[in-house]
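J.: Take the sequence shown: its position 67, counting from 1, is numbered 65 in the numbering used here, and each next residue is one higher. Below is the structure I would like to discuss, written out as structure tokens.
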Amino acid sequence: MLSKVLGAVGLLLLIVGAVFAVRPVHAGGDGCGSVFQPNKGITPMQCDARLSSRADLVTGFGAGGAALIVTAVAVAAIRDRRTRVTSS
-1 MLSKVLGAVG
9 LLLLIVGAVF
19 AVRPVHAGGD
29 GCGSVFQPNK
39 GITPMQCDAR
49 LSSRADLVTG
59 FGAGGAALIV
69 TAVAVAAIRD
79 RRTRVTSS
């Protein structure tokens, strides 16, 4: 049960990170684009701080989600191995 919860929360964090990555950023009424595709023709100083903080947020959600999914797989593998060893 624990591995399923960890995996689901990890997947949810990855999805939230992807949504924040493609969602457009605005600074001072100007559209800056998204983390993956900044708008062309914008002054870099206008949007650098906003895009940088959004990229940090996306990285945090992605790393957290990946860590939880890896933990879920590890917990499931340990539980499976423990079950096989005790039943032999």
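C-beta: ideal position from N, C-alpha, C; glycine also.
Do residue 19 and residue 33 have their CB atoms nearer than 8 Å?
T.: Position 21 of the sequence shown, counted from the start, is the residue given in the question as residue 19. Position 35 of the sequence shown, counted from the start, is the residue given in the question as residue 33. In contact: residue 19 and residue 33 (Cβ atoms closer than 8 Å).
J.: Would you tell me roughly how many angstroms separate the C-alpha atoms of residue 54 and residue 36, rounded to the nearest one?
T.: Taking the first residue of the sequence shown as position 1, residue 54 is located at position 56. Taking the first residue of the sequence shown as position 1, residue 36 is located at position 38. Roughly 15 Å between the two C-alpha positions.
J.: Can you name the residues that DSSP bridges to residue 28?
T.: Sequence index remark: in the sequence shown, residue 28 carries index 30 (1-based). Its beta-bridge partners are 25.
J.: Determine whether the beta carbon atoms of residue 22 and residue 15 lie at a separation below 8 Å.
T.: Here residue 22 is taken as the residue at index 24 of the sequence shown, counted from 1. Here residue 15 is taken as the residue at index 17 of the sequence shown, counted from 1. Contact flag unset, no.
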